[in-house]
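In my numbering, the protein residues as written are 840 to 1049. Have a look at the structure below before the remarks.
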């Protein structure tokens, strides 16, 4: 027969065992939770990635051409060669360690004081061409594209591509962006304005480390 004293010892022992069991279970649970979030262990700084910066510069030395008089042209004839004027130079640089995707968009620029949106030329009479230094960027196999077919709400995407990460030296791409007035522009639109600015947006290529 177990005495009252022995019974107390057994209960005390069982209490200790239960406390120890709870602590062990808690530790195991914490370990499982930790592993669920951190299932790969690597040496710190073993893999180092730098997002870097996509430096974008726009050389506006020829931009005033867009704000002066544009004469109607046959865009097919114009793009059979590479015109020496009438363009804006766009330079894209990537000095980071990750490939980057960038998009180039033409956006309606602010018109001069005293003018209204009715003074802006309809984009259906405007053509755009992009020369990358060696060849024309193709739009449905053509060297040019009608601006109004590219977008709406004064926002016209003209280029969407990638640039490789730095490999010892900074990677750079240079484009000439041309704007032409369609030969079909009606005489009633003489004197209307063509004001655009170049917007560039860039992001790291999807799936690469940042």
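Positions of the beta carbon are idealized from the N, C-alpha and C atoms, including for glycine. Since the model is a prediction, treat every value here as computed from it, not as a measurement.
Item: Exposed or buried, residue 1043, counting other C-beta atoms within 10 Å across all chains shown (16 or more means buried)?; Value: buried
Item: On the three-state DSSP scale, how would you describe residue 1001?; Value: strand
Item: Just mark residue 929 as buried or exposed, buried being the case when its beta carbon has 16 or more other beta carbons within 10 Å.; Value: buried
Item: Let me know if residue 931 comes out buried or exposed under the rule of 16 or more other beta-carbons within 10 Å of its beta-carbon.; Value: buried
Item: On a Cα-Cα basis, can you pick out the residue from 915, 1015, 988, 983 that is closest to residue 971?; Value: 1015
Item: Compare the C-alpha of residue 993 against each of 1034, 947, 935, 1041 and name the closest.; Value: 947
Item: State yes or no: is the C-beta of residue 987 within less than 8 Å of the C-beta of residue 963?; Value: yes
Item: Closest by CA to residue 950, which one among 1039, 1031, 1038?; Value: 1031
Item: Assuming residue 933 and residue 977 are in contact, meaning their beta carbons sit under 8 Å apart, how far apart are those beta carbons, in whole angstroms?; Value: In fact, because the Cβ distance is near 23 Å, the residues do not count as touching under 8 Å.
Item: Compute the Euclidean distance between the alpha carbons of residue 1026 and residue 1019, then round it to the nearest angstrom.; Value: 16 Å
Item: Give the C-beta separation of residue 960 and residue 1033 to the nearest angstrom, bearing in mind that I take them to be a contact with Cβ-Cβ under 8 Å.; Value: 5 Å
Item: Under 8 Å between the Cβ atoms of residue 1000 and residue 941?; Value: yes
Item: To which residues of the same chain is residue 984 closer than 8 Å at the C-beta, ignoring the five residues directly before and after it?; Value: 966, 967, 968, 978, 997
Item: May I ask which residues mark the beginning and end of the alpha helix (DSSP H) holding residue 976?; Value: Run containing residue 976: none; DSSP gives neither H nor E here.
Item: Who are the Cβ neighbours of residue 982 in its own chain at under 6 Å, not counting the five residues just before and after it?; Value: 918, 968, 975
Item: What are the start and end residues of the beta strand (DSSP E) that includes residue 927?; Value: 926-933
Item: With the cut-off set at 8 Å, would you say residue 1029 and residue 939 are in Cβ contact?; Value: no
Item: Would you mind stating whether residue 914 and residue 1037 have Cβ atoms separated by less than 8 Å?; Value: no
Item: How is residue 1042 classed by DSSP in three states: helix, strand or coil?; Value: strand
Item: Enumerate in chain order the residues of its own chain whose CB-to-CB distance from residue 1035 is below 6 Å, with the five nearest sequence positions on each side excluded.; Value: 945, 948
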